[in-house]
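Asks: Would you mind keeping the following structure in view while I ask a few things?
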Amino acid sequence: MKSFIKQKSIIFSVIFFLICCFIVVFLYKNIIDNRENAKVVEQQWQEESSRRENAKSLVDSIKTVESEKAILESHFVQSSKTAPFLDAIVAPFLDTIEKLSNEVGIKTEVISVDSPKESTSLVVSIKSTGSFENVYKLIMLLENSPYDLEFVSVDLENVNAGNSSKTPQWTANLEIRLLSFIN
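Going by the numbering used here, the first residue of the sequence shown is number 1391, and it counts up by one from there.
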């Protein structure tokens, strides 16, 4: 009977050992599968994270470029085919002339604005009246404005040349070609 119990114990031990081996192999295979799944999920996560970083970088680049584009576009004056010639698109340039005139304290009026058909420039004629120093300052400010300008003609005239009792008044008739004009 002892041998029978020993046999039963051995058979039971072998069966238990085989079941344990099966469980260990099953769990080991699951661990390996989980590792592979984790690697795939982590790779997908890294790719998505990389895409998000690229998209964020692109948005930041666009924001940077938009501010630079606004600065660049402020250098150019455009005409519009659907709006009148002296519409709100050319007005900023004329406002700049008026602002610079006010800064130096002289009176300036726009005589004419012309856009030759074959040219990509805008020709503006202005008349300014004030002291010589202030007229000269206006010319210098226009020359250093953010627009690409060419002075076609500059005619300076002393208005009260014969009268020495008054502060000399000068009149400047300027014809300016705006080269940074997109027609």
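Glycine included, C-beta positions come from ideal geometry on N, C-alpha and C.
Based on the DSSP output, what are the partners of residue 1520 in its beta bridges?
Replies: The sequence position of residue 1520 within the sequence shown is 130, counting from 1. Note: residue 1520 sits in a beta bridge opposite 1560.
Asks: Going by the CB atoms, is the gap between residue 1527 and residue 1503 shorter than 8 Å?
Replies: Start at 1 with the first residue of the sequence shown, and residue 1503 comes out as number 113. Start at 1 with the first residue of the sequence shown, and residue 1527 comes out as number 137. No, the Cβ-Cβ distance between residue 1503 and residue 1527 is not below 8 Å.
Asks: With distances taken between CB atoms, is the gap from residue 1566 to residue 1525 smaller than 8 Å?
Replies: On the sequence shown, residue 1566 is found 176 positions in, with the first residue counted as 1. On the sequence shown, residue 1525 is found 135 positions in, with the first residue counted as 1. No, they are not a contact pair.
Asks: If contacts are defined as beta-carbon pairs under 8 Å, then residue 1498 and residue 1561 qualify, I think. What distance do you get, rounded to the angstrom?
Replies: As a position in the sequence shown, residue 1498 is number 108, starting the count at 1. As a position in the sequence shown, residue 1561 is number 171, starting the count at 1. Not confirmed; about 11 Å, so no contact.
Asks: Among all the DSSP beta bridges, which residues are the ones paired with residue 1416?
Replies: For the purposes of this step, residue 1416 is taken as residue 26 along the sequence shown, with counting starting at 1. According to DSSP, residue 1416 bridges with nothing at all.
Asks: Is the beta carbon of residue 1532 closer than 8 Å to that of residue 1574?
Replies: Here the chain comprises residues numbered 1391 to 1573, so residue 1574 is not present and cannot be evaluated.
Asks: Assuming contact is defined by CB atoms lying nearer than 8 Å, are residue 1557 and residue 1521 in contact in what I supplied?
Replies: The residue given as residue 1557 occupies position 167 in the sequence shown. The residue given as residue 1521 occupies position 131 in the sequence shown. Against a cut-off of 8 Å, the Cβ pair of residue 1521 and residue 1557 comes out as a contact.
Asks: Once the 5 residues before and after residue 1427 are set aside, which same chain residues still bring their CB inside 7 Å of it?
Replies: Stepping through the sequence shown from its first residue, residue 1427 is reached at position 37. Nothing meets the Cβ criterion.
Asks: Please classify residue 1507: does DSSP put it in a helix, a strand, or coil?
Replies: For the purposes of this step, residue 1507 is taken as residue 117 along the sequence shown, with counting starting at 1. Residue state, collapsed to three classes: coil.
Asks: Are there 16 or more other CB atoms within 10 angstroms of the CB of residue 1403, so buried, or fewer, so exposed?
Replies: Reading the sequence shown from its first residue, position 13 is the one you call residue 1403. Exposed, because fewer than 16 other Cβ atoms sit within 10 Å of the Cβ of residue 1403.
Asks: Cβ atoms of residue 1501 and residue 1517: under 8 Å apart, would you say?
Replies: Mapped onto the sequence shown, residue 1517 falls at position 127. Mapped onto the sequence shown, residue 1501 falls at position 111. Yes, the Cβ-Cβ distance between residue 1517 and residue 1501 is below 8 Å.
Asks: Since residue 1500 sits in a beta bridge, which residues does DSSP pair it with?
Replies: The count along the sequence shown starts at 1 and reaches residue 1500 at position 110. DSSP output for residue 1500 lists 1516 as bridge partner(s).
Asks: Enumerate in chain order the residues of its own chain whose CB-to-CB distance from residue 1549 is below 6 Å, with the five nearest sequence positions on each side excluded.
Replies: Against the sequence shown, residue 1549 aligns to sequence position 159. Only 1559 and 1561 meet the Cβ criterion.
Asks: Tell me the residue span of the alpha helix (DSSP H) that contains residue 1603.
Replies: Only positions 1391 to 1573 of the chain appear in the structure, and residue 1603 is not among them; the question remains open.
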